[in-house]
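Quick mapping for you: the protein sequence lines, in order, are chains F and D.
At position 10 of the first sequence (counting the first as 1) the number is 1260 in the numbering used here, and the numbers step up by one without a gap.
At position 66 of the second sequence (counting the first as 1) the number is 1365 in the numbering used here, and the numbers step up by one without a gap.
Just so you know, even glycine gets a beta-carbon here, dropped at the ideal spot from N, CA and C.
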Amino acid sequence: NAGVMQNPRHLVRRRGQEARLRCSPMKGHSHVYWYRQLPEEGLKFMVYLQKENIIDESGMPKERFSAEFPKEGPSILRIQQVVRGDSAAYFCASSPKTGSSYEQYFGPGTRLTVT
Amino acid sequence: QQQVKQSPQSLIVQKGGISIINCAYENTAFDYFPWYQQFPGKGPALLIAIRPDVSEKKEGRFTISFNKSAKQFSLHIMDSQPGDSATYFCAASLQGGSEKLVFGKGMKLTVNP
């Protein structure tokens, strides 16, 4: 059973460009979370999605950031008009949320650098 | 109310020693407490987790101790090995909602040979 997959692993964007980060959950998992990690910091929750639905976006910046999890294909975190402060590692996690299992399994992350 | 505070920020132990990481939380509604291990350049990996209806859980060399009244929980790594050198994060969440994880800031563990 393949783990959570994220791509690209590294992404360099110039200020003002758009960044698209992709996440494919573990097989059988239909719940996806996105977290952001700044250097020397813990992970901060951004958004929680199920297929075709945003369930909780309380951690998402109000502007420039959006997320989706379509019926088919990976979940995508989109950052428009990137700024240097967006430089961070972005992790997605998936969860089966069945029975008593609410464990979240993380992907390897996408490291975004804004120049 | 949503914070999880972790200490110490870093720890150096000798091979074979015991590593202890402490976390404190504020939101008494939290009911799921996992620990994650992260190596440089990698994603966090789930190590062990506990719910507040038990005071201790052990898996191999890793033990979680939970003190509900003090709103504290800790991770003990017995017989620490150089391969345990990593950053450890505690987290908490509230089941029944979005189950989003609230993370501590992490502790960098170095185990010397």
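Reference Arg1350 (chain D); option with closest CA among D:Pro1339, D:Ser1364 and D:Ile1311:
Locating residue 1350 (chain D) in the second sequence gives position 51, counting from the first residue. Of D:Pro1339, D:Ser1364 and D:Ile1311, the residue nearest in Cα terms is D:Ser1364.
How long is the line joining the alpha carbons of Arg1328 (chain F) and Gly1315 (chain D), rounded to whole angstroms?
Mapped onto the first sequence, residue 1328 (chain F) falls at position 78. Mapped onto the second sequence, residue 1315 (chain D) falls at position 16. Cα to Cα, the separation comes out at about 45 Å.
Extent of the continuous beta strand (DSSP E) to which Glu1355 (chain D) belongs:
In the second sequence, counting from the first residue as 1, residue 1355 (chain D) sits at position 56. Where Glu1355 (chain D) is concerned, the enclosing beta strand (DSSP E) stretches over Glu1355 to Glu1358.
Is Asp1352 (chain D) helix, strand or coil when you go by DSSP?
Along the second sequence, one-based indexing puts residue 1352 (chain D) at 53. Asp1352 (chain D): coil per DSSP, three-state reduction.
Simplified DSSP assignment, three categories, for Asp1330 (chain D):
Counting from one through the second sequence, the residue named residue 1330 (chain D) turns up at place 31. The answer is coil: DSSP assigns Asp1330 (chain D) none of H, G, I, E or B.
Three-state secondary structure assigned by DSSP to Asp1306 (chain F)
Along the first sequence, read from residue 1 onward, the residue named residue 1306 (chain F) stands at position 56. Here Asp1306 (chain F) sits in strand by DSSP.
Three-state secondary structure (DSSP) at Arg1314 (chain F)?
Numbered from its first residue, the first sequence carries residue 1314 (chain F) at position 64. Coil, per DSSP.
Option in D:Gln1305, D:Gln1308, D:Gln1313 and D:Ser1309 with minimal Cα separation from Gly1382 (chain D)
By 1-based counting over the second sequence, the position of residue 1382 (chain D) is 83. It is D:Gln1313.
Go through the segment 1371-1397 of chain D residue by residue and report every complete run of the beta strand (DSSP E) that reaches 3 residues or more, in order.
1371-1376 and 1385-1391
Can you list, in chain order, the residues of its chain whose CB lies under 7 Å from that of Pro1258 (chain F), leaving out five sequence neighbours each side?
Counting from 1 along the first sequence, the entry for residue 1258 (chain F) is found at position 8. Here the set comprises Thr1360.
What is the DSSP secondary structure of Arg1272 (chain F), reduced to helix, strand or coil?
Here residue 1272 (chain F) refers to the residue found at position 22 of the first sequence. DSSP places Arg1272 (chain F) in strand when its eight states are reduced to three.
Counting C-beta neighbours from all protein chains within 10 Å, is the total for Leu1400 (chain D) 16 or more, i.e. buried, or is it exposed?
Position 101 of the second sequence, counted from the start, is the residue given in the question as residue 1400 (chain D). Classification of Leu1400 (chain D): buried, given that the 10 Å Cβ count is 16 or more.
Gln1279 (chain D) versus Trp1284 (chain F): straight-line alpha-carbon distance, rounded:
For residue 1279 (chain D) there is no data in the structure shown, the boundaries of chain D being 1300 and 1412.
Do you know how far the Cα of Gln1354 (chain F) is from the Cα of Pro1320 (chain F)?
Within the first sequence, residue 1320 (chain F) is the residue found at index 70, counting from 1. Within the first sequence, residue 1354 (chain F) is the residue found at index 104, counting from 1. For Pro1320 (chain F) and Gln1354 (chain F), the distance between alpha carbons rounds to 20 Å.
Taking one C-beta from the segment 1334-1349 of chain F and one from the segment 1323-1335 of chain D each time, how about it: are there three or more such pairs within less than 8 Å?
no
What is the rounded straight-line gap between the Cα of Gln1394 (chain D) and the Cα of Ala1328 (chain D)?
Taking the first residue of the second sequence as 1, we reach residue 1394 (chain D) at position 95. Taking the first residue of the second sequence as 1, we reach residue 1328 (chain D) at position 29. Distance between the alpha carbons of Gln1394 (chain D) and Ala1328 (chain D): 9 Å.
Please report the distance separating the alpha-carbon of Gly1323 (chain F) from that of Lys1301 (chain F).
Position 73 of the first sequence, counted from the first residue, corresponds to residue 1323 (chain F). Position 51 of the first sequence, counted from the first residue, corresponds to residue 1301 (chain F). Cα to Cα, Gly1323 (chain F) sits roughly 10 Å from Lys1301 (chain F).
Compute the beta-carbon to beta-carbon distance between Val1254 (chain F) and Met1276 (chain F), rounded to the nearest angstrom, for a pair I have assumed lies under 8 Å.
As a position in the first sequence, residue 1254 (chain F) is number 4, starting the count at 1. As a position in the first sequence, residue 1276 (chain F) is number 26, starting the count at 1. So it is a contact: roughly 6 Å between Cβ atoms.
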